[in-house]
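Participant: Numbering (my numbering), first residue to last: 6 to 457.
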Ligand code: 5BU
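(1) Within the continuous alpha helix (DSSP H) that includes residue 368, where are the two ends?
(2) Provide the residue span of the alpha helix (DSSP H) that contains residue 291, from first to last.
(3) Which of the three DSSP states is assigned to residue 118 in this structure?
(4) Would you check if the distance between the CB atom of residue 133 and the CB atom of residue 107 is smaller than 8 Å?
(5) How do the segment 146-162 and the segment 114-126 stand: do at least 3 beta-carbon pairs fall below 8 Å, yes or no?
(6) Helix or strand or just coil, what does DSSP make of residue 416?
(7) Per DSSP, which residues does residue 59 bridge with? Please list them.
(8) How big is the Cα-Cα spacing for residue 55 and residue 172?
(9) Using the Cα positions of residue 356 and residue 409, report the straight-line distance between them to the nearest angstrom.
(10) When you compare the segment 358-370 with the segment 316-327, are there three or more beta-carbon pairs, one atom per stretch, that lie closer than 8 Å?
(11) Using 7 Å as the cut-off, classify the Cβ of residue 328 as near or not near the heavy atoms of the ligand NAP, replying yes or no.
(12) Near residue 462, what residues of its chain come up, given a Cβ to Cβ distance below 7 Å and the 5 sequence neighbours on each side ignored?
(13) What does DSSP give as the partner residues of residue 148 in its beta bridges?
(14) Could you compute how far the alpha carbon of residue 84 sits from the alpha carbon of residue 21?
(15) Quick one, which of 64, 87, 401 has its alpha-carbon nearest residue 414's?
(16) Under the DSSP definition of a beta bridge, which residues are partnered with residue 410?
(17) Is residue 233 helix, strand or coil by DSSP?
(18) Does the distance from the CB of residue 115 to the CB of residue 142 come in under 8 Å?
(19) Can you list, in chain order, the residues of its chain with a C-beta nearer than 7 Å to that of residue 412? Leave out the 5 residues immediately preceding and following it.
(20) Is the beta carbon of residue 396 within less than 7 Å of some heavy atom of the ligand 5BU?
(21) Residue 253 and residue 232: beta carbons closer than 8 Å?
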């Protein structure tokens, strides 16, 4: 069997813990948020989880097994299937009709029941469940939980004489995530603070205004995009991921009034033609005053990048105002990008990206020292001298089935200090792209004003 650490990382990849700033049911602000429900959607992981939980327990002690509704129900069911200990089901509310039973299934008074819970925080909901189960004449001696948030729940129940077995606690989980660079030292410190009972002070991030950034901006394209933002009261970049020129141009015309830049993947067009695609696109950019950002994500040696930038079918250097580039080829590889603003890829939005904190630290050294770079694509805060572009922004979805992960405009602008949000499907897949662009523009601008 894999190690507990490997198993945790497998669970983590299902999105069970999020870091940032969250308001809990109690009103307390927490630096992390746990939701184990995704585990039930991955049968292999759920089965393994059931076995990990069972391994910790004196199984001979239990006649029946019961999950605290609802999140722990699939876990309890899986444990029952793996151990052949019969399952009972506790309702959240007693049925209003018929039997009015609170506990369903076959059991006898005096039987000993193992309680299963997903996450233990203060222990309040567990205490309620225990009372209800015990009221039916069932005995409870042991509780098994997947994750202990270390906020007193375990101690509270142990003080009442129950044995609490937990598979993971938040401190060890944070340690595992730090080891693999999924979270940085700041986050670790904040979580430790929180676990130690201190109220976490989330710095109210004050940002520089676009006007202030404009005063110190040196690169002509950094100045341009900031000027457009101020003039249009917009921080929205629309990603136009179309495969036909007609769709691309129609879209650019619709959303043009609301955006600071149109981001393209020019190589996905089926019918690219310099005259039919680029000339009208440039006209639209002039008409609506937006920049053209080609999301080419260069990632080669300098000589090849130079060729890719200026030659071939797309001749990007002829028309793009901004281009994205990895910095993986080292500083010299970026020298070729003349007369264009480079937006360097520091961190990606997709699940499992290799742009961990170690990579980002090294990449930042290249980025800060290169004059062609005006900013970064990233999912975290960066220094004020650079512009921050954040994709993975969507108001309706949390991700797609190909690894994309989304946040709201407000989340990225307030938590990362994002200067420009990049929105693709959130706009171009909607019924009314123009209205939707306006909605993202307004959300983005409102969040920006609120952080000033
Ligand atoms: P979406 O439809 O909003 O998911 O599109 C996002 C766009 O941003 C898409 O063109 C991606 O290629 C691009 N992108 C991204 O999503 N995440 C990243 O980390 C980088 C680019 Br870099």
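Beta carbons: idealized from backbone N, C-alpha and C, even for Gly.
Facilitator: Looking at the coordinates:
(1) 362-374
(2) 284-293
(3) Of the three classes helix, strand and coil, the one that applies to residue 118 here is strand, per DSSP.
(4) No; because the gap between Cβ atoms is not below 8 Å, this pair is not in contact.
(5) yes
(6) helix
(7) According to DSSP, which records beta bridges pairwise, residue 59 is partnered with nothing at all.
(8) 11 Å
(9) 6 Å
(10) No: fewer than three Cβ pairs fall under 8 Å.
(11) Ligands in the displayed structure: the ligand 5BU; the ligand NAP is not one of them.
(12) There is no way to answer for residue 462, as the model of the chain reaches only from 6 to 457.
(13) Per DSSP, 120, 169.
(14) One C-alpha to the other measures close to 20 Å.
(15) Closest option to residue 414, Cα to Cα, is 401.
(16) According to DSSP, residue 410 bridges with 404.
(17) helix
(18) yes
(19) 397, 398
(20) yes
(21) no
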